[in-house]
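Counting along the sequence shown from 1, when you hit position 36 you're at 195 in my numbering, and nothing is skipped either side. For glycine and all other residues, C-beta sits at the position ideal for the given N, C-alpha and C. Below you'll find the structure, written out as structure tokens, and then a few comments.
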Amino acid sequence: LLFHPERYRYLPCPSAQLRFFGLQKELLDDFRIRLTQVMKEESRNPLGARYCAILNAVNYIST
């Protein structure tokens, strides 16, 4: 999130920027938790399409 200040830079005031940043952080954390849950469910088939899609999503987010 720190690498993308352009997402909230043009909001009118610092408090709006902070709220937007907090919302982004919360959404990302919820997504991370859900990916972890699905990954555990799919760990029986690590070469399956869903497991590979999860790894791809994690890679995309982390880079």
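Task: Boundaries of the alpha helix (DSSP H) in which S221 is found, first to last residue - done: From DSSP, the alpha helix (DSSP H) with S221 extends over 208 to 221.
Task: Boundaries of the alpha helix (DSSP H) in which R201 is found, first to last residue - done: A small fix is needed here, since residue 201 is Glu in this sequence, not Arg. That run of the alpha helix (DSSP H) goes 173 to 201.
Open item on the list: Measuring CB atoms only, is the region 183 to 199 touching the region 209 to 218, in the sense that at least three cross pairs come out at less than 8 Å?
Closed with: Touching, per the Cβ criterion.
Open item on the list: Tell me the DSSP secondary structure of R166 in three-state form.
Closed with: Three-state DSSP puts R166 in a helix.
- [ ] Please report how far the alpha carbon of S202 lies from the alpha carbon of F180, in whole angstroms.
- [x] S202 and F180: Cα-Cα distance of roughly 32 Å.
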